[in-house]
Every structure is written in C-alpha cells, then in structure tokens.
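Single-structure report; data block below.
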Amino acid sequence: MGLSRGSAEQKAEVAPPTTLFLFGAHGDLVKRLLMPALYNLSRDGLVDEGLHIVGVDHNAISDADFAKKLENFIRDEAAGKVAGGGKDPLDPALWSKLAERISYVQGDFLDDSTYQDIASKIESTGTANAVFYLATAPRFFSEVAKRLGSSGLLQENGDGFRRVVIEKPFGSDLASAVELNGCLLKVMSEKQIYRIDHYLGKETVQNILVSRFSNGLFESFWNNHYIDHVQITAAETVGVETRGSFYEHTGALRDMVPNHLFQLLAMVAMEPPAAFGADAVRGEKA
C-alpha cells in the first residue's frame, strides 16, 4: 500500500461524495496505510471532490495542524521512511486540494457528545453518505458501534448510505468474535459492515487469484499431485516500533496468524470461485 499504482485501478469506479471518519486518527494504521492509500486514490482520480476526511481522536489539535500531520505522513511514505514507501513524490497541488477537505473532531470514543459533534460534521459537509473507519484498539470496536447506533448515525435514508469499517483483529477468539458480531448486528445490517484485513489490499496478494485461475499453466499444476507443501513467510520491513502497548495486549500470534496468514493460506488453497465477486470468493475461502 505504498505510493504505487495498483493493477486493479483501471477497473475501479470513482467513489461517490462521502464523509470518511477516521477513529484513532493519530494511530499507526492511519499513518502507514490509510492516508497513503487515500492519497493514491486521489492521485489516480478515484476520489470524488466531495470526499471529506475527518479525524476523530482524544488529542487536541486544530484542523490545520491535523491536515499538516497527515501531510507529513504522506511525505514520509513518499520518501520511503515508512513501510512500503514508494518513489512517487508528493504532489503539492494535489495535496493542497485534498487538505481543504480535511478536518478534525476531538472527543472521547465513550462520550456521547463526541457523536453529536460527528452528526454536526456530517450536516456541514452537505452529503448524507458517511463511512466510519474504526482504526482503533480492538477494545473500542463494540463501544463505538453501540454509540454510532444509539446516536442515529447508522440510520440510512434514500439519499445516502452509512458504513462501518472494522480492522482486524475481529475478536481475540471464537467467543469474542461471535460476541462482537452480535453487537454490530444489533445496531446495523450486514450490508453496512466491512470487516477489513488490509493485507488483502496488497497488489501481490490480489494477484494470487489471477495467477491461479487465469493462468492455464499454473491452474493445471496447482493441486496436491504436484505441490508437496506450502510455506508462507511474512516478511515485514518494520518492527514493533511505537506499537508496544498493542502487542503487549494482543501479541504477535493473534496480530498476524488468524487473519493475515490464514487469509493468504485460504487464497492459496481455495477452490476456483464461481465468479470473482466478493461473495463468491468469500464462500470458497470459508
């Protein structure tokens, strides 16, 4: 997810005008993945000029300073100082245009007044579409979802959609995953939930399906008669760095294996899907 053009961009459609709320706006996920990805999409003409990016976190910071902080994230990525950094330089004119639509809501995730401020922000942007990206510690997922629901922010009408994006880890075990899923479905419908594993957005990972099922040479030999075993290596360019508190609570095993690596294993071992749509691929991976 560095500053490089993905192979699937030609098939992508421009997203409609939307207000994107980044919960945990000062975190590592926003820094290393989300902002570089948003910059890429904007550069490739896949972001509508009606996109508004709103950071939500407890730190006090002005809109201008928050936009500057995000700019620094992008510059670090472009300079290769962050994992996956590419060679494309930051385009000042492009960033200036994007920065005009960046703002910030200071608030506690557990404080109802924060969600009142979010509602006001949606009103001010002029679009009914809103996406709430929970780039937070997993312990906040259910609490944020409950408050989004109780504040009416997940109600959809004919003019717009509401979506909630939840990053892995989705629960720490089966019981907690089922509990979290139940909590989400109490306040929103299944179609409103995006459960995200950002590894699946990597170009190499996306090319696995193409290599397997669109290549006659590989497809005919990709079976137990010709493959003795499979090894998956997770080669990271960064270590724990500032994520010590996350790893103390979650651990490297839960952070990597049940999501990233199992997803890769599923893509390597799955049967051919009936179509390359999301539902068909998920069905075969399961």
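So that you can map any letter, position 10 of the sequence shown is 268 in the numbering used here, and since no number is skipped, the others follow by simple counting.
Backbone N, C-alpha and C fix where the C-beta goes; we use that ideal spot for every residue, glycine too.
Everything numeric in this text was worked out from a predicted model, so none of it was measured.
When C-alpha distances from residue 507 are compared across 430, 292 and 468, the shortest belongs to 430. Nearest Cα to residue 521 within the set 502, 534, 500 and 463: 463. With respect to the 8 Å criterion, residue 311 and residue 280 are classified as neighbours on the basis of their beta carbons. The residue from 489, 297, 446 and 328 with its alpha-carbon nearest to that of residue 414 is 446. Under the DSSP assignment, residue 526 falls outside any beta strand (DSSP E), being part of the alpha helix (DSSP H) whose first and last residues are 520-527. Secondary structure of residue 277 (DSSP, three-state): strand.
With a 10 Å radius around the Cβ and a threshold of 16 neighbouring Cβ atoms, residue 517 comes out buried.
The residues 373, in chain order, have a CB closer than 6 Å to that of residue 409 in the same chain once the five nearest residues on each side in sequence are set aside. With a minimum length of 3 residues, the unbroken runs of beta strand (DSSP E) contained wholly in the stretch 307-368 fall at 310-315 and 360-364.
The alpha carbon of residue 491 has as its nearest neighbour, out of 275, 418, 514 and 317, the alpha carbon of 514. Around the beta carbon of residue 449, a 10 Å sphere encloses fewer than 16 other beta carbons of the protein chains shown; the residue is thus reported as exposed. With fewer than 16 other beta carbons inside 10 angstroms of its own, residue 444 counts as exposed.
A direct Cα-Cα distance of roughly 29 Å separates residue 469 from residue 287. Within the stretch 411-494, the beta strand (DSSP E) runs of at least 3 residues that lie entirely inside it are, in chain order, 420-425 and 451-454. For residue 388, the CB contacts under 6 Å within the same chain, skipping 5 residues up- and downstream, are 277, 380 and 420 in chain order. Of the other Cβ atoms in all chains shown, 16 or more fall within 10 Å of the Cβ of residue 298; this residue is therefore buried. Between residue 360 and residue 390 a beta carbon distance of about 16 Å is seen, past the 8 Å cut, so the two are scored as non-contacting.
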